[in-house]
Structure formats: C-alpha cells, structure tokens
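Note sheet for the following structure.
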Amino acid sequence: MRVEHLLKLKISLRRKSVRGCIVSQDLSVLNLVILKKAEKDLPGLTDTEKPRMRGPTRASKIRKLFNLTKDDDDVRKYVNTYRRNLVAFGRVLKVILPDSLNRPLLSPALRLSGQKLLPSRLKKQRDRRSESLAQEEV
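Counting from 780, one number per residue, gives the positions in the sequence shown under the working numbering.
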C-alpha cells in the first residue's frame with residue numbers, strides 16, 4: 780500500500796466532530812444515555828418498560844438471568860426468540876445436552892461391535908481384490 784492511501788485511510792477512520800455540542804431542531808437523532816431518573820417521568824421514555832429485544836445466548840448467562848439451576852432446568856426453553864413462535868429451540872452456546880453426556884457410555888459398545896465386524900470386512904475386501912487381480916491376469 781502506498782503512503783498516500785494510508786494517509787487517506789487514517790483520515791477517513793479518524794473521529795470527526797460535525798456539529799460539536801450544538802443541539803438544534805436540525806438534528807434528527809440524538810444518542811443519549813439516562814444517568815439518573817428524575818422525580819417526574821418523561822412521557823414515552825421512562826414511563827413505560829420495554830422488554831429486551833434479544834436475550835443472552837450463552838447458557839451460563841441465561842441461567843444467571845432467569846435464576847435457573849444447572850441440573851434441573853432446560854436452558855433452551857428460556858431463549859428469547861423475539862416474536863417468533865417456533866417449535867425448534869433457539870441457538871444456545873455452551874449448553875451440554877444429554878446426548879453428549881451419554882456419548883462416552885455408548886462408545887465402548889460401539890467399539891466392540893466394530894471389532895466384531897472388522898475381520899469379516901477385511902476378508903470380503905481380500906476376496907474382491909484377489910478376484911479383480913485374477914481377472915486382470917486373464
């Protein structure tokens with residue numbers, strides 16, 4: 780990259796104050812944070828409570844928000860899907876499902892069944908290979 784391009788990039792990424800601290804009717808949007816609630820409510824701002832649009836997606840954060848226990852409660856039922864009536868659960872990060880807990884218990888049985896099948900499969904492969912070699916020689 781040339782130096783001129785780097786300078787242009789730096790200038791374009793730099794924060795620029797367009798209006799400074801001037802607030803007037805020309806501005807369409809103001810991004811503000813309410814630090815302290817006054818005695819009177821502001822109409823349309825502090826008098827109504829709006830629910831969270833999207834909740835947390837990590838399992839531990841969902842448990843913390845809804846005071847769930849790790850063993851008894853299913854975290855996937857508490858996912859905020861935001862106005863969607865879905866049959867499937869929302870995506871939850873770092874959730875341990877019963878299938879993954881049972882996998883180590885199933886693996887020895889699967890290993891034994893595979894070991895029983897292995898000799899017969901090898902024999903079939905050898906037979907096929909010998910047949911194909913015999914056909915090539917003829």
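The beta carbon of each residue, even a glycine, is placed where N, CA and C say it ideally should be. Fair warning: this is a prediction, and the values are worked out from it, not measured in the lab.
C-beta atoms of residue i and residue j nearer than 9 Å
i, j, result
"Arg837", "Val871", "yes"
Nearest-angstrom beta carbon gap, residue j and residue i [assumed within contact, 8 Å]
i, j, result
"Leu844", "Pro835", "6 Å"
"Lys873", "Ser839", "7 Å"
"Val802", "Leu811", "Contact flag wrong, Cβ pair sits at about 10 Å."
"Thr825", "Lys816", "6 Å"
Outcome for residue i when other beta-carbon atoms lying within 10 angstroms are tallied against a minimum of 16
i, result
"Ile813", "exposed"
"Val841", "It is worth fixing the name first, because residue 841 is Ile in this sequence and not Val. Its Cβ being crowded by 16 or more others within 10 Å, Ile841 is buried."
Residues that residue i bridges to, as DSSP identifies them
i, result
"Arg837", "Leu872"
- [ ] Decide yes or no for the touch test of the stretch 845–860 against the stretch 885–894: beta carbon pairs closer than 8 Å, at least 3 of them.
- [x] Output reads no: the stretch 885–894 does not touch the stretch 845–860.
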